[in-house]
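Data block below; observations after.
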Amino acid sequence: MSQTDNYESVVSSADSKIATFDESGKGFVGRFHDVLHKTPSMVPLIVLLASILIFGLALGSRFFSPFALTLILQQVQIVGVLAAAQTLIILTAGIDLSVGAIAVLCSVVMGKLTFDYGVPPALSVLLGLIAGTGIGGISGWLVSRLKLPPFIVTLGMWQIVLAVNYLLSANETIRAQDIEAEARFLQFLGVKFSVAGATFNLGVVLMIALVFILAYALRSTAWGRHVYAVGDDPEAAALSGVNVHRTFMSVYMLTGFICALAGWVMIGRFGSVSPSATTGVIGNIQAITAVVIGGVSLFGGRGSIVGAFFGALIVGVFELGLRMAGANPQWTFLLIGVLIIGAVAVDQWIRKVSA
Amino acid sequence: MEPILKARGLVKRYGKVTAIDQADFDLMPGEILAVIGDNGAGKSSMIKAVSGAVVPDAGKIWLEGREINFRSPIDAREAGIETVYQQLAMSPALSIADNMFMGRELRKPGVRGSLLRQLDKPAMQAFARQKLNDLGLSTIQNINQAVESLSGGQRQGVAVARAAAFGSKVVILDEPTAALGVKESRKVLELIQDVRARGIPIILISHNMPHVFEIADRIHVHRLGKRLCVIDPKDYTMSDAVAFMTGAIEAPKAA
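As you go down the protein sequences, you meet chains A and B in turn.
The opening position of the first sequence corresponds to residue 74 in our numbering, with each subsequent residue numbered one higher.
The opening position of the second sequence corresponds to residue 30 in our numbering, with each subsequent residue numbered one higher.
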């Protein structure tokens, strides 16, 4: 080594304080950007509160009542549960087009087993949940092991599940009266109770509990961190010691399970088991809409389950508010379209760290 | 003396491209072994084969005399081999602490950890802060900031700190100073010597000849997918080493 290399030796006496900078120059927009970067669910929360406020001012106590506000919760319960499932897949940078179809098939499985095969209702529900988990497992295996794109896997699965649903049920609806008379447990999640004018049912309680449990699991457990890491960059996650296959499998199976729960929620909400319920066809798009409005990034690794829940509520608020205002329902779709594009634009802005 | 990590006849092909061609490799206990070679010589591929990131098509690897067959980087980590890859392997949206503990998270003591599986975030953050300070990465202000908001050099520093903190048998560093400033590279070199002082051998892949000649005990020269020779930095000059790895001079036979 020659003497000229000694220029590095002064390093030993270098300053070791942690750097701090004056942040006053950032301004309001800059600090707001920082907050959004840390908690992306702030955006849908602000939109949700603003829309409730606007409809409340415009429609008065008709909208701004415990009854109307809890009616929104009841109306979004199916989409809310599906959105929770969809969020998990989208966090891993995938997309699930089969969520609604799995929900409908599982509700049919629960009804069919009870009425045609004499299985006790509680056991039928359990078997329905297992069926949903299994379907999710197949999708997960195709995505993780065969490396097929999630869009393609779930596009195919959507058609397959929907077809099985019609074949299995012969497109026959099980009537609400029959379920009420013979297998009330299937409608368990439809049980209603009131607190000071606010009406809830167990499906709503299930949806809120699900949001809390998943939010905890994603934020405070190793599994949650792995879901984000896999969605961010699966290769980096594998190199830094994450079992990527197991993470994918757990996410897809859990998603299937939650979709089956949504199927049970459907029986509670409608009272009947209907293989031609619209959820099978548009449930996927409704769930994706809620998730995107909720600020979850379609590129994976960013966003939260709470955000998706707010997204579902925003759609519910718009639907009920505009209906109460007597507007043409097309206005609802138009505004939701605007919200979707706006939400993705905001997501792009948030992801710019150096704004 | 028996090598702690030994490989014989490693082969890896990607389609028609041969990345490793019957390569041999020896790492002695407690040494710093530098691996040098031209771009495309297959250094990174060989290192990935011993760290589990790539499964070789042929050849055998022994760790402490026992034959090993890593199927994934997780296997290698469990065996005590810790690696800093050139692409750094970090999740940009997650925090520094999350990244350092990826795949080996600490859980809270008691029921909150065992039943609720709750992470012990304060402990992980304190540990991460300590390791970064050891490395002199004092320009990182907040241990909870997302890795994507760090500069390239800071990211590299975090990756090196992670490997040094957790490696128990072998630490592998693929170009650890490539993106670092003068002060940070000096700290990384000191850290490498600290790790050796703890008795853990290090594999250092680098193009920086002054650094290689300063700290390496032996230099493994890689050329055209295989080991060309192993030289002692005290016996040769930097220009000799460059001449061997580029094929300008015939390599010495006895290694």
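Where a beta carbon is used, it is the ideal one built from N, C-alpha and C, also for glycine.
Given the structure is predicted, the values throughout are model-derived calculations rather than measurements.
The beta carbons of A/L259 and A/I252 sit about 5 Å from each other, so the pair counts as a contact at 8 Å. The C-beta of B/I232 comes no closer than 9 Å to any C-beta of chain A. Check the Cα spacing between A/V192 and each of A/R218, A/I162, A/A256: the tightest is with A/A256. The C-alpha of A/T187 lies about 11 Å from the C-alpha of A/L200.
Between B/V199 and the set B/V113, B/R100, B/G66, the nearest pair of CA atoms involves B/V113.
In this structure, B/E111 lies near B/G196, with their beta-carbon atoms less than 9 Å apart. With contacts defined by Cβ atoms closer than 9 Å, B/K150 and B/A126 form a contacting pair. With a threshold of 16 other beta carbon atoms within 10 Å, A/K425 falls short and is exposed. Under the Cβ criterion of 9 Å, A/R396 is not counted among the residues facing chain B.
The alpha carbon of A/S293 has as its nearest neighbour, out of B/E134, B/P230, B/V64, the alpha carbon of B/E134. The beta-carbon separation of A/L121 and A/F383, rounded to 5 Å, stays under the 8 Å limit for a contact. Interface annotation, A/E308: in contact with chain B, CB-CB separation under 9 Å.
With the rule of 3 Cβ pairs closer than 8 Å, the segment 123-139 of chain A does not count as touching the segment 165-182 of chain A. As the crow flies, the alpha-carbon of A/G304 is around 21 Å from that of B/R146. A distance below 6 Å between beta-carbons, with the five flanking residues on each side excluded, links B/D53 to the following residues of its chain, in chain order: R37, R256. In the DSSP annotation of this structure, the continuous segment of the alpha helix (DSSP H) that includes A/L393 starts and ends at 378-397.
Apart from the 5 residues on each side of it in sequence, A/I247 sits with its Cβ closer than 7 Å to the Cβ of G184, F188, S345, V346 in its chain, given in chain order. Only those residues of the segment 131-148 of chain B whose C-beta falls short of 7 Å from the nearest C-beta of chain A are listed: M131, G132, R133, E134, R146, Q147, L148. Flagged as an interface residue toward chain B: A/S313, by a C-beta distance shorter than 9 Å.
The Cβ-Cβ distance between B/I201 and B/A63 does not fall below 9 Å.
A check of alpha carbon separations from B/V217 across B/I172, B/T206, B/G44 identifies B/T206 as the nearest. Here B/E213 is buried, its C-beta having at least 16 other C-beta atoms within 10 Å. Counting only the Cα atoms, A/A290 lies some 15 Å from A/M326.
The Cβ of A/W422 sits no closer than 9 Å to any Cβ of chain B. Measuring C-alpha to C-alpha distances from B/K77 to each of B/R141, B/E60, B/R42, B/G59 identifies B/R42 as the nearest.
Pairing A/V411 with A/A195, the inter-Cα distance amounts to about 43 Å. Within the segment 295-307 of chain A, A295, R298, Y301, A302, D305, D306 place their CB atoms closer than 7 Å to a CB of chain B, listed in sequence order. Any Cβ of chain A closer than 9 Å to the Cβ of B/Q154 would place that residue at the interface, and such an atom is absent.
With contacts defined by Cβ atoms closer than 9 Å, A/S349 and A/P113 do not form a contacting pair. Looking at the DSSP output, B/I232 bridges to B/L62, B/I201. DSSP, reduced to helix, strand and coil, places B/Q183 within a helical segment of the structure shown. Secondary structure at A/N274: strand, using DSSP grouped into helix, strand and coil. Around A/A363, the same chain offers V152, A156, A381, G384, A385, V388 as residues with beta carbons nearer than 7 Å, after the five sequence neighbours per side are excluded. Where A/F105 is concerned, the enclosing alpha helix (DSSP H) starts and stops at 100-111.
Annotated three-state conformation of B/V241 is helix, per DSSP.
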